[in-house]
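Numbering of the sequence shown is given in UniProt numbering, commencing with residue 1 and proceeding in unit increments.
Ideal placement from N, C-alpha and C gives every residue a C-beta, glycine not left out.
This structure is a prediction, so every number in the text was calculated from the model and none was measured.
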Amino acid sequence: MTNQPKDPSATGPDLTGTVLSGRYRIIQKLGAGGMGSVYLAEHTTIRKKLAVKVLSSKYTARPDLVERFLREARATSMISQQNVIEISDFGDTPDGSVFFVMEHLVGEDLRTLLKRDKRVPWPRVRHLIVQVCRALEAAHAAGIVHRDMKPDNCFRITRGDDPDFVKVLDFGIAKVQNVEDDGKGLTKTGMIFGTANYMSPEQAQGNSNDLRVDVYAVGIIMYELLCGRVPFRSKNMAQTLAKHIFNAPKPPRERAPDAEIPAEAEAIVLKALQKDPALRFQTMTEMIAAIEAVGTGAAAVAVVDEDIARPDTSASMSFAGARPPPPTTAPPPSAAVDEPPASLVPLWIGLGGLVVAAGLGAFVAFGGLDEGEGEDDEQELAAAEPSEPPGQSAEAAEAAGVEEAAGVEEVEGVGAEPAVEAGPAPEDEAPEISKILFDTNVSAQVLGAVDRAVYGHTNDEAGVELPWSDRPIALILVAEGYAELEIEVVPNHETKRFAYELARKGGGGKKKGKKKREGNENQLPPQGGDSEVKNPFLNK
């Protein structure tokens with residue numbers, strides 16, 4: 001499966017049939033995205049199939065982007081570990097662009113696995129995540145922090161008799177973590193890089209960060225594999241980032257009580273998701289040891305119940321607090337993070353949205369975000385000039401040169417400006433889903449009123465999935481022998497339930513009335529849940 005760009009000229013000429021550097025014959029385009037294209041190629045001498053990633057020709061006049069592109073090749077080639085994608089060469093194209101050569105993988109990423117299987121049992125999660133951790137352990141040993149870990153960048157292939165051999169992909173923003181000796185720093189404090197659902201609190205604020213942002217992201221991936229969803233998701237990117245900073249994740253065994261998640265595994269996830277980086281695993285080696293100890297009788301890792309200071313609003317919306325003293329004894333392993341530590345401020349909160357400010361005054365403004373964009377709110381942040389749109393979604397081939405994969409977003413653009421604006425999510429990203437449950441007197445098809453597309457059936461315990469929206473969606477309930485019933489629903493909650501009665505033909509159908517969830521939906525949600533962003537200005 002491939003995803004061709006809507007505007008072929010956006011990524012430069014198609015290089016199919018070209019021989020690059022006299023030895024890489026381009027066979028076909030596998031995918032294209034914001035930064036360029038990935039091709040299937042063959043070495044002309046040894047006939048080995050490879051993948052070639054080519055920077056879009058429209059960026060060749062930008063030295064910073066060329067440098068970023070080549071740093072991906074350099075950073076990845078510095079890591080010698082079997083679970084990291086191999087990069088073997090780079091060079092120039094005939095039209096003056098640059099490329100690098102990677103191993104060609106056939107398989108699927110963990111995003112595709114999640115979409116198909118919904119959840120993954122613990123024994124399989126253990127095997128997958130240990131490999132991810134080993135890849136990052138090697139990267140960290142080489143002085144490289146990935147900073148954009150997510151299921152899309154974890155690719156499973158069959159190697160020998162292991163159908164779940166993992167390759168970690170796309171070190172495209174890792175290479176800008178440290179300023180190299182040549183002085184070509186591509187980021188400044190205050191820039192935000194990564195994907196909102198997987199960003200640590202300190203990363204979300206554009207603060208300086210280290211390998212522990214990868215620990216946090218792997219914790220999110222573990223949570224998602226075990227529970228079938230990320231711990232924090234919202235209708236827009238700003239709310240998602242705020243939840244990472246202010247909200248406690250619901251413990252995995254509460255989120256998915258039937259998933260048979262070991263208590264020790266839950267403790268590992270919650271420790272990785274501590275707001276304070278000092279309370280997380282300090283290395284991937286520590287995290288691997290904890291994962292491998294599950295089920296051996298070893299004590300579960302300690303999770304500190306963080307007493308997170310709320311902001312002081314007395315100083316013109318800028319605030320700071322004192323860190324409370326550490327607890328003398330660790331709480332039970334199942335204790336979850338509650339609120340953000342004082343080290344995660346200062347913040348600047350504006351009306352109608354959240355602007356997260358770094359300590360040096362640089363900030364990222366969130367604008368032009370449509371509600372419901374991005375599956376599970378998976379908006380990717382990119383440091384770019386305001387006039388540059390973010391990269392388009394593409395196949396995972398964009399990152400690794402693979403034949404079958406789910407979408408991987410490409411971070412596009414590097415700017416020296418500390419303040420950047422995140423534009424709309426790529427058009428082909430799936431919207432966030434609202435699950436609608438119907439109770440009817442007869443099983444009926446749920447059709448779109450306009451196109452009569454089939455959404456599902458009433459009385460289905462799994463519900464009917466609709467794109468998240470605050471606007472009503474017109475539907476029709478259709479059952480043989482009954483009059484069609486036209487209805488409208490507003491899919492603006494994670495789950496909603498409605499009851500309808502269809503009339504036999506010749507009669508009149510009616511709505512029994514919505515079965516409300518506990519509480520009034522017009523009221524603000526209770527504090528402590530993850531349904532909305534916590535109000536940091538409420539007194540304890």
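Tell me, please, which residues DSSP counts as bridged to residue i.
| i | result |
| --- | --- |
| cysteine 154 | Val168 |
| glycine 497 | The amino acid at residue 497 is misidentified as glycine; the sequence shows arginine. Its beta-bridge partners are Leu437. |
| glutamine 445 | His457, Val478 |
| tyrosine 39 | Lys29, Val52 |
| aspartate 470 | DSSP output for aspartate 470 lists no bridge partner at all. |
| leucine 20 | Tyr24 |
| threonine 60 | In DSSP, threonine 60 forms no bridge with anything. |
| aspartate 14 | Answer is none; aspartate 14 lacks a bridge partner. |
| aspartate 109 | Phe155 |
| valine 98 | Asp92 |
Tell me which residue opens and which closes the alpha helix (DSSP H) that residue i is part of.
| i | result |
| --- | --- |
| glutamine 203 | 201-204 |
| arginine 71 | 63-77 |
| isoleucine 288 | 284-293 |
| phenylalanine 246 | 237-246 |
Excluding the 5 residues flanking residue i on each side, which residues of the same chain have their C-beta closer than 8 Å to its C-beta?
| i | result |
| --- | --- |
| valine 66 | Leu55, Tyr59, Thr60, Val98 |
| arginine 23 | His43, Thr44, Thr45 |
| arginine 119 | Leu225, Leu226, Cys227, Gly228, Ala256, Ala259 |
| threonine 16 | Ile26, Ile27, Gln28, Lys29, Tyr39 |
| isoleucine 288 | Val130, Cys133, Arg134, Glu137 |
Under a three-way DSSP split, which group does residue i fall into?
| i | result |
| --- | --- |
| histidine 104 | coil |
| lysine 115 | helix |
| alanine 336 | Bear in mind that a pLDDT of 39 at alanine 336, under 50, signals an unreliable position, so the number given afterwards is only what the model happens to contain. It is coil, neither helix nor strand. |
| proline 277 | helix |
| glycine 219 | helix |
| asparagine 178 | Below a pLDDT of 50, predicted positions are generally treated as unreliable, and asparagine 178, at 46, falls in that range; the measurement from the model is reported next regardless. Residue state, collapsed to three classes: coil. |
| proline 252 | helix |
| glutamate 137 | helix |
| proline 163 | strand |
| valine 130 | helix |
| glutamate 212 | According to the sequence displayed, residue 212 carries arginine and not glutamate. Helix at arginine 212. |
| glutamate 306 | coil |
| arginine 124 | helix |
| valine 84 | strand |
| valine 269 | helix |
| isoleucine 173 | coil |
Beta carbon of residue i, beta carbon of residue j: below 8 Å?
| i | j | result |
| --- | --- | --- |
| proline 467 | isoleucine 433 | yes |
| lysine 167 | isoleucine 85 | yes |
| methionine 222 | valine 304 | no |
| valine 301 | lysine 271 | yes |
| alanine 142 | isoleucine 79 | yes |
| isoleucine 291 | valine 130 | yes |
| arginine 253 | glutamate 264 | no |
| arginine 156 | leucine 211 | no |
| histidine 457 | alanine 444 | yes |
| isoleucine 245 | proline 201 | yes |
| arginine 111 | proline 151 | yes |
| asparagine 441 | glutamate 501 | yes |
Return the chain-ordered list of same chain residues with a C-beta closer than 7 Å to the C-beta of residue i, the five sequence neighbours on each side being excluded.
| i | result |
| --- | --- |
| valine 19 | Arg25, Thr44 |
| threonine 240 | Ala196, Asn197, Phe232, Arg233, Ser234, Asp377 |
| valine 230 | Asn197, Ile220, Tyr223, Glu224, Asp376 |
| alanine 330 | With a pLDDT of 40 at alanine 330, under the threshold of 50, the modelled position of this residue cannot be trusted, and the question is left open. |
Along the beta strand (DSSP E) that carries residue i, what are the first and last residues, could you check?
| i | result |
| --- | --- |
| tyrosine 24 | 24-32 |
| glutamate 260 | No beta strand (DSSP E) holds glutamate 260; DSSP gives it neither H nor E. |
| valine 489 | 485-489 |
| glycine 91 | 87-92 |
Taking 6 Å as the limit between beta carbons, can you name the residues of its chain near residue i, skipping five residues before and five after?
| i | result |
| --- | --- |
| arginine 134 | Asn83 |
| isoleucine 476 | Leu447, Ala449, Glu484, Glu486 |
| serine 21 | Gly91 |
| threonine 495 | Lys435 |
Closest Cβ-Cβ distance between residue i and chain D: below 8 Å?
| i | result |
| --- | --- |
| histidine 127 | Looking for chain D here will not work: only one protein chain is present. |
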